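Chains as they are written, first to last, in our numbering: chain A, 1 to 200; chain B, 201 to 837.
Ideal Cβ placement from N, Cα and C applies to all residues, glycine included.
Computed from a predicted structure; not experimentally measured.
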Ligand code: HEM
Ligand SMILES: [Cu+2]
């Protein structure tokens, strides 16, 4: 077919930010997938609970200390996270570098606390279905922390190289921050489920 | 920061067509070497691999069906023993569902969606390549285990406790579970690509109400995949954990539950049917208008029906579990919802009939398969409404009635439209027409053979023949019909044989197709066949629902994209107003290595939980290699 140019796109930017970026949409779609998985884990938790005569079966409810500290820590990490995202939007390379280093620490600290969360459940994964589901929920969420941590570490390194000062990288930083917010928000219902539902 | 460079970069403005083609080809074409092929990220190349691989699995699964039919042709046959038979029906079902039907539908989307929405490559093309390699590895895993006599033998839905640690011996059930992880991982990856391609890469002007119906159906399918597949991945992982590290999810003695398995499975399994079926109806709604040469009747109702089907798909799963003894109210609810799904199906059927009625049908092979689909699907839908009623289901559950029903919907409802789609898009994919004469032969053989094979299974089921039995006694009144079915299956297979012969012959020696042999209305017909690596010389600008039927022989296009890097247009979600020029990744071998690393981790984890820890390290390394910027033009912003 003969082509008839009717639109000139040469003035458009070479890369879209925010909702004009496919990577942003990809991140959202991944969050939808992960969100379904977390939702499912919670559904299984309640399903098993509905079958059990007592909940938790024959063990005391989990100790609150480690899990609550971790929750507070995660919530606090949202502040630097939002700041990094804002700096990335403003393309402030120096601040983004510092922010990513801080966010890497914010990823490592909860892992340290997570180690104490498993024994705080008073049950092993192979002792009962209750043990299996709480270990699975904790494990699933830990995997998300680790994934985002690795992503943050790699981005942090990247921002110190010659590839750093690029809109595309700033977009990556924003998407990474978005994903961390998701990891934090997804934790809240999981936390309520593991620590507070057995106390009802 | 690179704004100054913008003016100097090469764009397509002021180039004549031949020179533009040459420059685009240099930028977009992959290398032809072995490693060039491994590194390919062109959606058409990946989709072609997907489709060919899926059809190979169809042939393999068909051979298993043939073996079963030989065994069942007479009472007390000795062709296959009980254990092998268990493996064979499990392989047949799992292979057909996870290695053929879902991947082939997604592959059609990977090929067609970017062309139909008017873009140059799918979103996240490297993820696309990765998904293919993962899918291939999952298929190889399943078939190698079959060759080693360790194939799963627990049915395609692998109910516990049969598949659990207590009864499922060896690694058979683990192979099933891990094959699931492979295929669902690849399916989820493709779903993400489809969603982003449809939402963000549509040609300027292709607002939501101008999206081709096939694209709509693929978008809904992708969302169904995203919501449904996590359930089965959760399930396959917990099964492996129960078997390997002693979790108690499915062990009633420790507070677990076997019905949990069934709930999780069918929460995925029912939508799975629509994952296969939605793309199929999308193909029908695309092919039909072409062969009556008028736009579809009722575009909006059809779109609504597609979305409604996708939503309702999640409210039906319990109808697979009517015989477990549910509360009355739950049974009534799921009966009602199962019958409600007939409404969107009915809406679409009426729209198709109205389209046929209002136009002048041209009875070429694709249209024949479409009409065969409508007839067969109505029958499958009727038996579906029958088994949705609890007392009837209690009678025929686990009999050949159900086998008949689901083959009517799977073969009639999905394979017929798929073959119609292959006949229809083959000219685009290969540049050559398939034979009309062989096409008619294959249609009549498949259509007649199919009905003769599967209709009598309803009767066998009503006569009480259970499914999944490797043989039956001569006293049972089933011998005659079984022999009849097996003979009819030969007709069915010969029909498929004709189809494959036609494909093979036409691929090399078919009549050249030209750009638009069917005079169709959608954008994939606006370029040469097969399409060049960059799809569109210039991105089209759309101002109608049927852009090629506007009565003019000129295609409105956008200009100003760069030619020295892979570049395409990003547009807004609702109105498709152009927002940015975006680069599209170059070829890379990293997705291949990432898939290898993932496969090693997944297979290893059947044997040791530590595989998750150590196996993740190579995956992380390959992913870093994949994403690390290379300082090329695609990286500019
Ligand atoms: C090509 C012609 C085909 C024939 C002759 C055929 C035949 C059969 C037979 C005889 C069974 C029942 C085995 C038993 O219960 O003992 C069966 C089961 C099944 N078939 Fe097919 N089939 C064909 C194609 C397909 C296709 C294309 C699909 C899917 C897209 C499919 C999906 C299934 C499934 C899911 C089962 C259930 C397996 C199980 O019980 O675990 N079949 N098939
Ligand atoms: Cu169903």
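Beta-carbon within less than 8 Å of residue i's beta-carbon, same chain only, minus the 5 sequence neighbours each way: which residues are those?
| i | result |
| --- | --- |
| residue 203(B) | With a pLDDT of 41 at residue 203(B), under the threshold of 50, the modelled position of that residue is not reliable, and the figure given next carries that caveat. Result list for residue 203(B): empty, nothing under 8 Å. |
| residue 236(B) | 230, 787 |
| residue 267(B) | 279, 280, 288 |
What does the alpha-carbon distance come out to for the pair residue i and residue j?
| i | j | result |
| --- | --- | --- |
| residue 824(B) | residue 660(B) | 57 Å |
| residue 765(B) | residue 215(B) | 16 Å |
| residue 359(B) | residue 779(B) | 49 Å |
| residue 649(B) | residue 694(B) | 9 Å |
| residue 383(B) | residue 450(B) | 23 Å |
| residue 484(B) | residue 99(A) | 53 Å |
| residue 776(B) | residue 491(B) | 29 Å |
| residue 316(B) | residue 627(B) | 15 Å |
| residue 154(A) | residue 180(A) | 15 Å |
| residue 344(B) | residue 257(B) | 13 Å |
| residue 706(B) | residue 724(B) | 20 Å |
| residue 795(B) | residue 334(B) | 5 Å |
Spatial neighbours of residue i within its chain, please: C-beta separation below 6 Å, excluding the five flanking residues on both sides.
| i | result |
| --- | --- |
| residue 21(A) | 171 |
| residue 517(B) | 466, 467, 470 |
| residue 116(A) | 66 |
| residue 487(B) | 566, 570, 620, 624 |
| residue 594(B) | 523 |
| residue 791(B) | 326, 329, 330 |
| residue 121(A) | 62, 134 |
So with Cβ pairs under 8 Å, would you call residue i a contact of chain B?
| i | result |
| --- | --- |
| residue 99(A) | no |
| residue 174(A) | no |
| residue 30(A) | yes |
| residue 67(A) | no |
| residue 51(A) | yes |
| residue 180(A) | no |
| residue 129(A) | yes |
| residue 36(A) | yes |
| residue 105(A) | no |
| residue 94(A) | no |
| residue 7(A) | yes |
| residue 80(A) | no |
I need the boundaries of the alpha helix (DSSP H) containing residue i, first residue and last residue.
| i | result |
| --- | --- |
| residue 492(B) | 458-492 |
| residue 269(B) | 243-272 |
| residue 506(B) | 499-512 |
| residue 123(A) | Taken as a continuous stretch (DSSP letters only), residue 123(A) belongs to no alpha helix (DSSP H), as it is neither H nor E. |
| residue 779(B) | From DSSP, residue 779(B) is part of no alpha helix (DSSP H) but of the beta strand (DSSP E) over 778-783. |
| residue 770(B) | Element bounds for residue 770(B): not the alpha helix (DSSP H) but the beta strand (DSSP E), 767-771. |
| residue 304(B) | 302-317 |
| residue 789(B) | Residue 789(B) -> no alpha helix (DSSP H), and no H or E assigned at all. |
| residue 640(B) | 636-662 |
| residue 609(B) | Note, residue 609(B): premise wrong, no alpha helix (DSSP H); not H, not E. |
If you measure from the beta carbon of residue i to each beta carbon in chain A, is any gap under 8 Å?
| i | result |
| --- | --- |
| residue 760(B) | yes |
| residue 446(B) | yes |
| residue 427(B) | yes |
| residue 211(B) | yes |
| residue 777(B) | no |
| residue 782(B) | yes |
| residue 402(B) | no |
| residue 717(B) | no |
| residue 831(B) | yes |
If you follow the beta strand (DSSP E) that residue i is part of, which residue opens it and which one closes it?
| i | result |
| --- | --- |
| residue 6(A) | 2-8 |
| residue 532(B) | Run containing residue 532(B): none in the beta strand (DSSP E); it sits in the alpha helix (DSSP H), 528-540. |
| residue 756(B) | 754-759 |
Might you give, ordered along the chain, the residues of its own chain that have their beta carbon closer than 7 Å to the beta carbon of residue i, omitting 5 neighbours on each side?
| i | result |
| --- | --- |
| residue 307(B) | 247, 250, 251, 254 |
| residue 585(B) | 539, 542 |
When the Cβ atoms of the segment 285-305 of chain B are set against those of the segment 395-412 of chain B, are three or more pairs found closer than 8 Å? no
Counting pairs of Cβ atoms below 8 Å between the segment 449-463 of chain B and the segment 488-506 of chain B, do you hit three or more? no
Touch check for the segment 315-325 of chain B and the segment 388-403 of chain B: three-plus C-beta pairs under 8 Å? yes
Pairs of beta-carbons, one from the segment 358-378 of chain B and one from the segment 804-815 of chain B, closer than 8 Å: are there three or more? yes
Please determine if the segment 30-39 of chain A and the segment 424-435 of chain B are in contact, where contact requires at least 3 C-beta pairs separated by less than 8 Å. Because the criterion of three Cβ pairs below 8 Å is met, the segment 30-39 of chain A and the segment 424-435 of chain B touch.
For the segment 564-575 of chain B against the segment 503-520 of chain B, are there 3 or more C-beta pairs whose distance is under 8 Å? no
For the pair the segment 596-605 of chain B and the segment 657-672 of chain B, tell me if three or more CB-CB distances fall below 8 Å. They touch, by the three-pair rule.
Should the segment 387-394 of chain B be regarded as contacting the segment 413-427 of chain B, the criterion being three or more beta carbon pairs within less than 8 Å? yes
Would you be able to state if there are at least three C-beta pairs under 8 Å between the segment 126-141 of chain A and the segment 105-112 of chain A? Verdict: no, contact absent.
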